[in-house]
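Below is one structure, written out as structure tokens; comments come after it.
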Amino acid sequence: MNPQAKLIFTISLLMGTTITISSNHWVMAWAGLEINTLAILPLISKSHHPRAIEAATKYFLTQAAASALVLFSSMTNAWYTGQWDITQLTHPTSCLVLTTAIAMKLGLVPFHFWFPEVLQGSSLTTGLLLSTIMKLPPIALLYMTSNTLNPTLLTSMAILSAALGGWMGLNQTQIRKILAFSSISHLGWMTIIIVYNPKLTLLNFYLYALMTMAVFLTLNSINTLKLSTLMTTWTKTPALSAMLFLTLLSLAGLPPLTGFLPKWLIIQELTKQNMALAAVALSILSLLGLFFYLRLAYCATITLPPHTTNHMKLWHTNKPTSSSISILTTVSTTLLPISPLISTMI
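Sequence positions in the sequence shown follow numbering that gives the first Met the number 0 and run 0 to 345.
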């Protein structure tokens, strides 16, 4: 892709995200979402592979439907209450339609079908954008309207997302699909707590984005898309593979790594809200995710391919690891000791 075109699309992505998260008016928020969608489409389809074109088409149709529902929700609310302010969404029908629209934007169950397919058809760098920055505007809208949304509906969608994200990721061999189901599972954790402690949702999202960026950039650096090729990367970059191992365990939420912090705080908050059953359900369902993270980690560092003749051994490389990967992997594994400081901020 032309560097100038890539620069324009990247700036448009940042501008669309900024417009949505800083707007008070529904039409401005909708405009930001549309700019985001139009900017990411060329990045998804840039390889001109039929799979990439299919992914871009699926993404466009889903996001267009979700944007139409956002407009419909805001217009219905304005019709009944005379308010276009995002925080003044009070009409029950508008709240229900908006919940559906944001679930479609994020890829929450039962509107999750598009996300693994789109991620599988995209490159790793585009997949990184889809999993992190493209989730921020819908999460921001959810944050601003959280006090008026239906807690029972959000809790049901969250538990289903955690269950399905863990369950569907078990038998995958494509790493991008595994990370897509991992994203769906993490969104379940974010959604369940949004009504009770919205700041905790944002903290969870920021930490999830950091860990996911570390994983995607590491995989991009070692040029790996499947579990079978992940098995042969240990000989090429042992130190990077070891850090990938720790980052994956952090994404799984194992102590004493960074990923344990949001899960710990969310379970604590759910218990305070007399939702111990939901906390237990999420904790048990996170074991499904732990299984496929352990599988990824095992392939990355511990095992060798069973049929070594089918795989070309990679030479050890002395190419230095980029500083961004070093910083992200360090942050993804070492933030737990400062959790008292973080908990006083939320």
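Beta carbons are placed, not taken as given, at the ideal position from N, Cα and C, and that holds for glycine.
Nonlocal neighbours in the same chain, by C-beta distance under 6 Å from residue i, ignoring five residues either side
i    : result
K104 : A65 and P137
T144 : L88
R50  : G120
W113 : K57 and T61
P197 : Y142 and S145
Rounded separation between residue i and residue j - CA only
i    : j    : result
S227 : S240 : 15 Å
Q267 : P339 : 14 Å
D84  : L152 : 23 Å
Q272 : Y195 : 8 Å
S184 : T147 : 24 Å
T36  : S21  : 17 Å
V117 : V69  : 22 Å
A277 : L269 : 7 Å
T231 : L141 : 42 Å
I174 : G31  : 30 Å
S181 : G164 : 6 Å
P2   : L42  : 12 Å
A296 : V26  : 44 Å
T75  : G252 : 40 Å
P265 : I326 : The sequence given here has Ile at residue 265, not Pro. Going from the Cα of I265 to the Cα of I326 covers about 26 Å.
Residues that DSSP places opposite residue i in a beta bridge
i    : result
Q173 : K225
H48  : None, per the DSSP bridge assignment.
H351 : Here the chain comprises residues numbered 0 to 345, so residue 351 is not present and cannot be evaluated.
Beta-carbon gap between residue i and residue j smaller than 8 Å
i    : j    : result
L334 : Y292 : no
G106 : L186 : yes
S121 : S220 : no
T172 : K225 : yes
W166 : L245 : no
W188 : A213 : no
T16  : L135 : yes
Cβ of residue i within 8 Å of any chain C Cβ
i    : result
A208 : The structure shown has no chain C; it contains just one protein chain.
Same chain, Cβ closer than 8 Å to residue i, neighbours up to 5 away in sequence not counted
i    : result
I353 : As shown, the chain starts at 0 and ends at 345. That puts residue 353 outside it, with no answer to give.
T80  : Q87, T89 and H90
F215 : L123, T124, G126, L127, S130 and L178
Nonlocal neighbours in the same chain, by C-beta distance under 7 Å from residue i, ignoring five residues either side
i    : result
M156 : A102, L107, V108 and T190
E53  : G120
* To do: Assess, as a yes-or-no matter, whether the segment 196-211 is touched by the segment 324-331 under the definition of 3 or more beta carbon pairs within less than 8 Å.
  => yes
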